[in-house]
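Top to bottom, those sequences are chains A and B.
If you're matching positions, the first sequence starts at 0 in numbering that gives the first Met the number 0 and goes up one per residue.
If you're matching positions, the second sequence starts at 0 in numbering that gives the first Met the number 0 and goes up one per residue.
Have a look at the structure below, then the notes.
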Amino acid sequence: MTQALATPGAPPASQSDRPGALPAMIFLVLALVPAVAAVGPESYVLGLFTRVMVFAIAALALDFICGYGGLVSFGHAAFVGIGAYAVAILGTHGITDMLVSLPVALLASAIFAYLTGTVCLRTKSVYFIMITLAFGQMAYFIAGSLAPYGGDDGLTVKMRSTLFGFPLLQNDRVLYYFVLLCLLVAYFVFRAVVYSRFGRVFRGARENPTRMATLGFDIFRFQRVGYVIAGAVGGLSGFLLANATEFVSPAFMSWQRSGELIIMVLFGGLGTLHGAIIGAAAYLLTEEVLGGFTEQWKLIFGPLLVIVVLFARGGLLGLACSIRGRLSRD
Amino acid sequence: MALFIVQILNGLQLGVLLFLVAAGLTLVFGVMNFINLAHGVQYMLGAYLAVMFYTITGSSLLAVLLALLTALGFGLFLEFAIFRNLYDRDHLEQVIATFGIILFLNQAVKTVWGAAPLTLPIPEFFTGSIVLMPGLLYPVWRLVIIASGLAVGLLLYVVVGHTRVGMLVRAGATNARMVSALGVDIRRLFMIVFGFGTMLAAFAGAMIAPILSVEPGMGDTVLILAFVVIVIGGIGSIRGAFLAALLIGLVDTLGRSFAIDIMRLVMPPSPARTVGPAIASMLIYVLMALVLYFRPAGLFPVRGR
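In structure tokens:
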């Protein structure tokens with residue numbers, strides 16, 4: 000499991016500690032989307048890409064623990080849900096200022112990550128996948144039982160988060176750039192973490208836990224810190240999701256959601272960070288395009304996943320790399 | 000008291016059902032180190048095929064038999080066409096590919112048979128209820144399910160524990176590479192195990208079809224429960240899967256029927272009505288987290304991995 004997770008064919012870009020040209024291009028494209036959208040169906044395109052970026056943030060966090068830490072979490076949607084519920088629940092009590100709701104969202108999901116991580120990290124490989132699933136399901140059922148806050152039906156967020164009482168995110172365009180800013184921050188924070196001393200220990204724990212332990216590192220504590228960071232960023236994604244959809248429901252935390260996040264990360268290419276952004280975009284846009292094309296888009300999408308796994312090892316980035324490699328050899 | 004016994008029987012029935020699905024899953028997982036999310040779809044297919052063959056032939060027995068054979072053929076086809084290429088991939092890739100198959104088949108079933116739930120009548124011979132004790136009626140078909148589940152359990156116990164193939168399967172679960180090195184055709188062993196597991200899942204689906212509505216996506220919930228079962232039981236262990244399945248079946252059923260009453264003991268009735276069901280749904284996951292906390296490789300770990 001440890002070795003197997005290092006996807007073969009992963010782009011060499013992840014080896015250097017300088018961001019390559021590809022991430023810069025991704026962010027450039029994302030920054031230009033609103034300008035292009037202005038000529039077409041603006042609110043539709045903005046909404047779609049806001050969603051892409053929100054999920055990209057969650058996928059980034061998952062890629063961090065999954066691709067660099069070897070910790071495959073099947074309950075990552077729980078953090079997103081907790082962040083979203085923090086916004087919605089505070090909202091029903093009249094607190095909409097993001098100076099309150101954002102820290103609460105981050106803190107709540109970080110605490111949940113700390114508590115569950117303490118238990119989960121005792122187990123390994125498949126058992127880790129299953130125990131994170133268990134905690135994800137617990138969060139899902141707890142959210143469904145919150146009768147004062149909508150129970151299974153979820154609840155609407157009456158007002159997007161404000162800053163000092165000013166309705167900053169009310170404008171879709173501002174919300175878009177705010178989410179883009181969060182994505183940028185999350186991306187660079189993870190880059191910094193991955194290439195820091197902490198990150199080297201964290202990565203080392205994936206590649207050879209025994210050796211890291213022999214070197215005197217308490218792997219458990221390093222992994223727990225990594226898990227908490229990923230949880231908090233998941234909470235950030237939830238905070239943004241609640242603002243973007245203006246609605247929260249227990250379905251945000253369902254195991255299918257967690258599975259989708261894993262697929263996004265793998266779609267892009269594990270352990271690359273910017274691959275997670277590409278994966279989220281590829282997944283959601285494919286879903287959207289196929290969904291517009293035919294109602295039975297899953298008949299196409301399902302086999303597509305199988306084909307990606309069978310023929311595109313290392314996700315889309317891996318595919319691009321191997322094609323580039325083949326071209327340059329000729 | 001009568002209610003309690005009925006719920007215990009219901010729990011047993013859910014337990015053996017989970018066992019039928021989990022047995023194949025744990026063997027495939029244990030022997031081939033292959034996470035097959037599409038196992039739940041086989042269960043769904045079993046139910047749908049039973050309904051289809053029942054409308055064609057009009058005989059319940061024939062319907063179940065034909066459903067089993069078709070499901071077996073389909074499972075082997077999937078193994079041959081796709082899964083075979085996934086055995087030496089890492090778990091995540093297996094998860095995605097089989098997830099893609101779930102998406103496809105759920106939608107395909109919806110396209111072929113419609114989104115509305117179908118029903119299958121209980122075989123005439125087993126309709127009605129019998130009196131287990133004064134004031135306690137219980138449907139015969141549920142007893143048949145329990146009995147057939149226990150019979151399959153016994154069969155597996157004999158086959159896995161006391162035959163040559165079973166010995167190879169156990170050896171494969173402990174160390175597949177070594178078995179292969181000793182000259183056993185591991186591919187063929189994989190295929191046998193896979194086909195058998197597929198058939199058990201389809202059997203579970205066909206058996207439960209008369210008392211459950213047959214609908215697209217019915218395999219997903221069972222799949223997650225089956226994973227909980229095999230993880231609690233220890234991956235690759237039939238005995239573990241059997242005990243864990245009964246445990247999960249009982250805990251879940253009893254939890255759902257008595258959670259509100261138990262909660263009432265410690266809190267006023269109105270919050271008890273909302274908290275109770277939530278706790279009941281969580282119960283098995285709490286159980287799984289507890290088991291994994293104290294026994295990180297499940298209750299009956301298969302050594303050698």
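Think of the CB as a built atom: it goes at the ideal place given N, C-alpha and C, for glycine as much as any other residue.
Given the structure is predicted, the values throughout are model-derived calculations rather than measurements.
- Residue range 268–293 is occupied by the alpha helix (DSSP H) that includes residue 268 of chain B.
- Taking all protein chains shown into account, residue 43 of chain A has fewer than 16 neighbouring C-beta atoms within 10 Å of its C-beta and is therefore exposed.
- If the five residues before and after residue 263 of chain B are omitted, its C-beta is found closer than 7 Å to the C-beta atoms of 271, all from its own chain and listed in chain order.
- At a beta-carbon threshold of 9 Å, none of the residues of chain B lie near residue 288 of chain A; the nearest stands roughly 16 Å away.
- Using a Cβ-Cβ cut-off of 8 Å, residue 92 of chain B counts as an interface residue toward chain A, since at least one Cβ of chain A sits closer than that to its own.
- Close CB contacts of residue 202 of chain A within its chain, under the 6 Å cut and outside five residues either way in sequence, are with 67 (chain order).
- Interface with chain A (8 Å Cβ-Cβ cutoff): residue 295 of chain B is included.
- Not a single CB atom of chain B sits nearer than 8 Å to the CB of residue 248 of chain A.
- With a 10 Å radius around the Cβ and a threshold of 16 neighbouring Cβ atoms, residue 269 of chain B comes out exposed.
- Judged by DSSP secondary structure, residue 28 of chain A falls outside any beta strand (DSSP E) and instead within the alpha helix (DSSP H) spanning 20–36.
- Between residue 121 of chain A and chain B, the shortest Cβ-Cβ separation is below 8 Å.
- Annotated three-state conformation of residue 160 of chain A is coil, per DSSP.
- The Cβ of residue 143 of chain A sits closer than 8 Å to at least one Cβ of chain B.
- The region 205–222 of chain A and the region 131–144 of chain A do not touch, with fewer than 3 CB-CB distances between them shorter than 8 Å.
- Per DSSP, residue 124 of chain A is one residue of the alpha helix (DSSP H) stretching across 124–143.
- In the DSSP secondary-structure assignment, residue 195 of chain A is not bridged to any residue.
- For residue 216 of chain B, same chain residues with a beta-carbon under 6 Å away, outside a window of 5 residues either side, are 105 in chain order.
- Residue range 135–138 is occupied by the beta strand (DSSP E) that includes residue 135 of chain B.
- In this structure, the CA atom of residue 172 of chain A is about 7 Å from the CA atom of residue 33 of chain A.
- About 13 Å separates the Cβ atoms of residue 265 of chain A and residue 34 of chain B, ruling out a contact at the 8 Å cut-off.
- Between the alpha carbons of residue 132 of chain A and residue 38 of chain A lies a distance of about 43 Å.
- Here the region 43–51 of chain B makes no contact with the region 168–184 of chain B; the two share fewer than three CB pairs at distances below 8 Å.
- At the C-beta level, residue 173 of chain B and residue 27 of chain B stay beyond 8 Å of one another.
- Residues of the region 208–219 of chain A whose Cβ lies closer than 9 Å to any Cβ of chain B: none.
- Assignment of residue 129 of chain B by DSSP, reduced to helix, strand and coil, places it in the strand class.
- Contact between residue 26 of chain A and residue 257 of chain A does not hold, since their C-beta atoms are separated by about 26 Å, which reaches or exceeds 8 Å.
- Look at residue 217 of chain A here: in three-state DSSP terms it is coil, with no helix or strand label.
- Contact annotation: residue 49 of chain A and residue 174 of chain A have beta-carbon atoms nearer than 8 Å.
- Judged by beta-carbon spacing, residue 56 of chain A lies within the 8 Å limit of residue 181 of chain A, meaning their Cβ atoms are closer than that value.
- For the region 121–139 of chain A, the residues whose beta carbon sits under 8 Å from a beta carbon of chain B are, in order, 121, 122, 123, 124, 125, 126, 128, 129, 130, 132, 133, 134, 136, 137.
- Linking residue 59 of chain A to residue 82 of chain A through their CA atoms gives a straight-line distance of about 16 Å.
- Scanning chain A for C-beta atoms nearer than 8 Å to the C-beta of residue 274 of chain B yields 144, reported in chain order.
- Here the alpha carbons of residue 40 of chain A and residue 161 of chain A stand approximately 26 Å from one another.
- When secondary structure is reduced to three states using DSSP, residue 110 of chain B falls in the helix class.
- In the DSSP assignment, residue 48 of chain A falls within the alpha helix (DSSP H) that extends over 41–62.
- Contact between the region 213–229 of chain B and the region 9–22 of chain B is present: 3 or more CB-CB pairs across the two stretches fall below 8 Å.
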